[in-house]
Amino acid sequence: MSPWRSILLVAARDFRERVTSRAFQLSTGITILFVVALIVVPAIFVDDDLPEWEIGVVGTEPDGFATAVAAASGNAAVINTVGFSTRTEAEAALESNDIDIAIDDAGKILIDNDTSDQMQAAVLTAVATIEIAARADELGIEVTEIADLFTGGYEVESVAPVDEGDNDENRVFAFFVTVVLFMSIVTYGSWILIGVIEEKTNRVVEVVLGTLRPHQLLAGKVLGIGVLGIAQVLAIGIIAMSLLPIQDAFDIPSAAGSVLAWAFVWYILGFGFYAVAYAAAGSLVSRQEEAQNAAFPLTMMLMAAYFIASFSITGENPVLRVASLLPMFAPMTMPLRIAGGDAVPVEIGVSLLLMIATTYALIRFAGRVYAGGLLQGAGRVKWREAFRASDT
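Just so we're aligned, residue 42 is where the sequence shown starts under our numbering, counting upward by one.
Following this line, the structure appears as structure tokens:
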């Protein structure tokens with residue numbers, strides 16, 4: 042049997058065992074329901090209606106007053122006017138919160154502590170506009186001439202760098218992708234760890250190694266569970282992206298496609314790196330109770346990468362830059378820098394080369410540890426002992 046066929050058979054076996062397990066189906070269903078609820082529920086209960094401003098008017102309401110206030114507010118509210126005969130009535134309504142703001146026939150704007158600055162500015166602009174128009178009409182000045190009087194001779198010109206692609210939104214989007222990568226690598230890495238321990242505990246591995254080389258078994262297990270992980274992440278991602286348009290709370294950034302593409306590349310590399318390490322760690326112990334201790338160093342590295350990314354979501358910093366070049370941190374930090382436009386092509390290339398070279402070296406090293414640790418007796422095995430015990 043060819044080596045590749047052996048690897049594919051192991052991968053198919055692990056994929057089939059996991060995808061048909063009730064635990065996988067239940068966790069996938071719960072995750073999908075959670076994602077759907079997270080997107081759909083806010084869309085159901087969010088109120089998209091414009092706020093209503095209740096504006097009191099003492100005496101005769103100026104012509105076009107409500108329209109002028111709406112225009113001055115940028116059409117950010119629905120304007121309702123309430124008439125009053127005296128200022129005292131308007132003040133009482135303002136104190137009882139029946140209205141938000143008022144104008145009287147003496148040229149005063151009445152407010153209280155709850156009146157927003159935006160509302161004050163809109164009403165002040167509206168009454169000033171109406172007053173200017175009225176006085177211009179008395180003087181026989183045309184509206185177009187008034188506009189010319191208020192047209193300045195200066196133009197605003199920004200000297201700041203042009204924003205090429207909503208980098209802040211791209212970083213936020215990339216961070217959410219990073220969270221998904223973190224959870225996926227931890228989850229499926231743990232599956233590989235537990236699977237290795239189970240095979241070692243029930244002696245299945247001794248039978249399997251009668252026909253397969255240890256590195257073939259390792260490669261097949263990583264491939265099978267890796268493909269399952271990618272399929273689950275893609276399924277959840279497709280459902281989430283298809284539901285996002287039903288709500289306006291989150292806008293998909295312009296660089297979402299490139300962010301997802303780079304995240305997929307780093308997911309493959311990151312999963313390969315950590316999956317091999319998780320498998321080697323599992324081969325060093327013989328009981329499920331020891332799984333957490335065996336995975337602790339790897340989990341800590343992943344947590345460190347996650348925290349570096351979370352603390353760097355607002356922009357570039359030296360720690361993020363260095364971490365994005367280190368293979369153990371790059372899968373969750375480099376996509377963030379790429380999304381923000383902070384990583385130059387040379388840095389991306391160096392990070393990719395280091396990641397590939399380190400993963401290859403880890404495969405060679407972990408393959409020997411995996412082979413030496415699988416056939417050791419009960420109890421925990423030190424990696425040096427497993428490495429020396431291997432004849433591969």
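Ideal Cβ positions, reconstructed from N, Cα and C, are used throughout, including at glycine.
First and last residue of the uninterrupted beta strand (DSSP E) at E93: Here residue 93 refers to the residue found at position 52 when the sequence shown is read from its first residue. Start and end: 93-99.
Burial state of N211, where buried means 16 or more other Cβ atoms lie within 10 Å: Translated into the one-based positions of the sequence shown, residue 211 becomes position 170. With 16 or more Cβ atoms within 10 Å of its Cβ, N211 is classed as buried.
Beta-ladder partner(s) of F125, from DSSP: As a working note, residue 125 is residue 84 in the sequence shown. V99.
Residue(s) in a DSSP beta bridge with D151: Mapped onto the sequence shown, residue 151 falls at position 110. It is Leu, not Asp, that sits at residue 151 in the sequence shown. Answer by DSSP bridge pairing, in chain order: A143.
Cβ-Cβ separation, S43 to Q257 (assumed contact under 8 angstroms), whole Å: Sequence index remark: in the sequence shown, residue 257 carries index 216 (1-based). Sequence index remark: in the sequence shown, residue 43 carries index 2 (1-based). No, Q257 and S43 are not in contact; Cβ-Cβ is about 10 angstroms, not under 8 angstroms.
Simplified DSSP assignment, three categories, for V60: As a working note, residue 60 is residue 19 in the sequence shown. If DSSP states are grouped into helix, strand and coil, V60 belongs with the helices.
Cβ-based neighbour list, M282, same chain, cut-off 7 angstroms, excluding 5 preceding and 5 following: Residue 282 sits at position 241 when you count from the first residue of the sequence shown. Excluding residues within five positions, none has a Cβ falling inside 7 angstroms.
Extent of the continuous alpha helix (DSSP H) to which Q257 belongs: For the purposes of this step, residue 257 is taken as residue 216 along the sequence shown, with counting starting at 1. Here the alpha helix (DSSP H) through Q257 covers 255-284.
Nonlocal neighbours in the same chain, by C-beta distance under 6 angstroms from A260, ignoring five residues either side: Looking up residue 260 in the sequence shown gives position 219. Around A260: I48.
Nearest candidate by alpha-carbon position, reference L275, set I309, L253, T252: What you label residue 275 is simply residue 234 of the sequence shown in a count that begins at 1. With distances taken between Cα atoms, L275 lies closest to I309.
Beta carbon of G124 nearer than 8 angstroms to that of V98: Locating residue 124 in the sequence shown gives position 83, counting from the first residue. Locating residue 98 in the sequence shown gives position 57, counting from the first residue. Cβ distance < 8 angstroms, so G124 and V98 count as in contact.
Contacting residues, own chain, Cβ-Cβ under 8 angstroms from V203 (five flanking each side not counted): Taking the first residue of the sequence shown as position 1, residue 203 is located at position 162. In this prediction, V203 has a pLDDT of 46, which is less than 50 and means its spatial position is unreliable; what the coordinates show is noted afterwards. There are no such residues.
Assigned secondary structure, I182 (DSSP; H/G/I helix, E/B strand, else coil): Residue 182 sits at position 141 when you count from the first residue of the sequence shown. The answer is coil: DSSP assigns I182 none of H, G, I, E or B.
C-alpha gap between I152 and T101, whole angstroms: As a position in the sequence shown, residue 152 is number 111, starting the count at 1. As a position in the sequence shown, residue 101 is number 60, starting the count at 1. Cα to Cα, the separation comes out at about 19 angstroms.
Three-state secondary structure (DSSP) of V119: The residue you call residue 119 lines up with position 78 of the sequence shown. In the structure shown, V119 sits in a strand (DSSP, three-state: E or B).
Reduced DSSP secondary structure (H/G/I, E/B, other) of R378: Translated into positions along the sequence shown, residue 378 becomes position 337. Of the three classes helix, strand and coil, the one that applies to R378 here is helix, per DSSP.
Anticipated Cβ contact below 8 angstroms, T399 with Q273, distance rounded: Stepping through the sequence shown from its first residue, residue 399 is reached at position 358. Stepping through the sequence shown from its first residue, residue 273 is reached at position 232. About 26 angstroms separates the two Cβ atoms, so there is no contact after all.
Contacting residues, own chain, Cβ-Cβ under 6 angstroms from F216 (five flanking each side not counted): If you number the sequence shown from 1, residue 216 lands on position 175. Excluding sequence neighbours, F216 sits near I354.
Member of D55, N358, I404, L403 whose CA lies at the smallest distance from the CA of G382: Position 341 of the sequence shown, counted from the start, is the residue given in the question as residue 382. Of the candidates D55, N358, I404, L403, the one whose C-alpha sits nearest the C-alpha of G382 is N358.
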